[in-house]
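Going by full-length UniProt numbering, the residue at position 66 of the sequence shown is 66; the numbering climbs one at a time, nothing skipped.
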Amino acid sequence: MASSSKVYDGTQYVESCGAVLFDDSKTKVCLLLRRPKGDDDQKAEWVLPQGRRNCGEHRYAAALREVEEVIGYACHLQSLIQPMVTRAPAAPAARREPEAKPRPCRTYTEHFMVTHRTKEGEDDGYLKLIYWFLAVADAQIAAGEEETFTPRFLEPDEALETVTFSDERKVLEEGIRLMRGGC
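In structure tokens:
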């Protein structure tokens with residue numbers, strides 16, 4: 001079996017965590033309108049909430065913290081409603097699998113997708129890994145700390161049409177599928 005690998009040191013990558021955030025009724029999904037800071041030539045973009053993971057912070061905690069900081073909503077992770085196919089092994093006590101074969105998993109609150117971005121031009125570029133979770137809003141707590149972001153809950157179809165970037169559209173599609181059902 002052929003494989004390839006590349007090794008990155010801590011100066012060459014950053015981890016971010018984000019969420020496909022549903023409202024408390026689980027019928028609408030949150031997008032952020034990101035307005036550029038002071039540069040009128042840049043266009044506003046509709047994005048999913050995400051941000052960098054702090055040293056020593058669990059990925060799921062980073063996702064929840066970023067949603068709260070940027071949007072102003074406390075939230076909790078959502079277990080999958082629909083099974084997700086994953087290569088993650090079963091719990092250690094039940095594990096008997098010698099290989100990382102895809103298998104369905106239903107009781108899952110880990111990240112359900114990972115985005116791999118190459119950021120160029122900044123300090124000679126770096127790799128950005130974004131771990132995506134499903135979350136549900138508990139309640140609005142206060143305006144987010146980030147003045148460049150405006151949150152808006154949209155119907156799933158409208159959110160899919162509105163989100164700016166195709167990679168985030170794929171994350172959003174899978175998050176909606178896992179939350180609502182379907183193949």
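Just so you know, even glycine gets a beta-carbon here, dropped at the ideal spot from N, CA and C.
To which residues of the same chain is leucine 160 closer than 7 Å at the C-beta, ignoring the five residues directly before and after it?
-> Walking along the sequence shown from the start, residue 160 turns up at place 160. So the list reads Arg169, Leu172 and Glu173, once near-sequence residues are dropped.
Three-way DSSP call (helix, strand, coil) for glycine 18 in this model = As a working mapping, residue 18 is identified with position 18 in the sequence shown. Per DSSP, reduced to three states, the secondary structure at glycine 18 is strand.
Go through its chain and collect everything with a Cβ distance to valine 163's Cβ below 8 Å, but skip five positions before and after it.
-> Here residue 163 refers to the residue found at position 163 of the sequence shown. These residues qualify, in order along the chain: Leu31, Trp46, Val47, Leu48, Arg169 and Leu172.
With 16 as the cutoff for other CB atoms within 10 Å, does glutamate 120 come out buried or exposed?
-> If you number the sequence shown from 1, residue 120 lands on position 120. Exposed, since its Cβ has fewer than 16 Cβ neighbours within 10 Å.
Between residue 190 and serine 25, what straight-line distance do the alpha-carbon atoms span, to the nearest angstrom?
-> This structure leaves residue 190 out entirely; the chain is present only between 1 and 183.
Alpha-carbon to alpha-carbon, proline 36 and lysine 43 = As a first step, residue 43 is located in the sequence shown; it is residue number 43 there, counting from the start. As a first step, residue 36 is located in the sequence shown; it is residue number 36 there, counting from the start. Straight-line Cα distance between these residues: approximately 7 Å.
Since leucine 172 is in the beta strand (DSSP E), which residue starts that stretch and which ends it?
-> Along the sequence shown, one-based indexing puts residue 172 at 172. Unbroken run through leucine 172 is the alpha helix (DSSP H), 166-180; no beta strand (DSSP E).
Same chain only: Cβ atoms within 6 Å of glycine 175, ignoring 5 sequence neighbours per side | Taking the sequence shown and counting its residues from 1, the one referred to as residue 175 is at position 175. If we look at glycine 175 and ignore the five residues flanking it on each side, its Cβ neighbours are Val20 and Leu134.
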